[in-house]
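Asker: Encoded as structure tokens, here's the structure I'll be asking about.
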Amino acid sequence: MAVLVAHGVAVFVMAWFFVWWASLAIVVLMGSAGLYDLRLKAPLITAIAVSETGYRLHDRGVWKSVELVSAFIALPLTVVKFRDDSGLSYFLTLLTDSLDADDYRHLRIHLRWLRDKP
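Residue numbers for the sequence shown follow the working numbering, so the first one is 18 and each next one is one higher.
Following this line, the structure appears as structure tokens:
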């Protein structure tokens with residue numbers, strides 16, 4: 018009788034652990050699927066257009082009008098923050114080799130000029 022009770026307890030404990038681990042695995046899988054979905058919907062900025070009227074960003078085939086919020090300019094790195102009409106912010110990190118040297122220099126000069134402008 019004791020062996021039968023021990024086996025029953027063992028089956029109950031194994032079933033409880035299986036349910037616990039299975040529920041944890043389901044939560045982890047759902048979380049990773051949600052993060053993957055967010056990553057797929059993340060902005061993919063492929064171009065910046067600078068004109069007299071403002072800035073535009075090319076995101077997945079659509080040009081979005083944005084305003085320049087702030088810019089950090091260092092020798093090897095430039096970080097630019099834009100905001101669109103809906104309030105969504107875009108942070109762009111540009112390294113020296115991320116675009117043509119002349120275009121990078123022109124953009125940095127333009128951003129410095131705007132920052133120093135009264």
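We put the beta carbon where it would ideally sit given N, CA and C, even for glycine.
#1: Over what stretch of residues does the beta strand (DSSP E) that includes Asp-101 continue unbroken?
#2: Thinking C-alpha only, which one of Leu-41, Val-97, Ile-43 is nearest Arg-129?
#3: Phe-108 to Ala-50, Cα distance in whole Å?
#4: What's the gap between the Cα of Glu-84 and the Cα of Leu-57?
#5: Unbroken beta strand (DSSP E) runs of length 3 or more, entirely within the stretch 24-95: which are they?
#6: If we call anything under 8 Å between Cβ atoms a contact, is Ile-90 one with Asp-76?
Answerer: This is what the structure gives:
#1: Against the sequence shown, residue 101 aligns to sequence position 84. For Asp-101, the uninterrupted beta strand (DSSP E) segment begins and ends at 94-101.
#2: Start at 1 with the first residue of the sequence shown, and residue 129 comes out as number 112. Taking Arg-129 as reference, the option from Leu-41, Val-97, Ile-43 with the minimal CA-CA separation is Val-97.
#3: Position 91 of the sequence shown, counted from the first residue, corresponds to residue 108. Position 33 of the sequence shown, counted from the first residue, corresponds to residue 50. Taking the straight line joining both Cα atoms gives about 24 Å.
#4: Against the sequence shown, residue 84 aligns to sequence position 67. Against the sequence shown, residue 57 aligns to sequence position 40. C-alpha of Glu-84 to C-alpha of Leu-57: approximately 24 Å in a straight line.
#5: Taken in chain order, the whole beta strand (DSSP E) runs of length 3 or more contained in the stretch 24-95 are 62-68, 71-76, 79-90.
#6: For this step, residue 90 is matched to residue 73 along the sequence shown. For this step, residue 76 is matched to residue 59 along the sequence shown. In this structure, Asp-76 does not lie closer than 8 Å to Ile-90 by Cβ.
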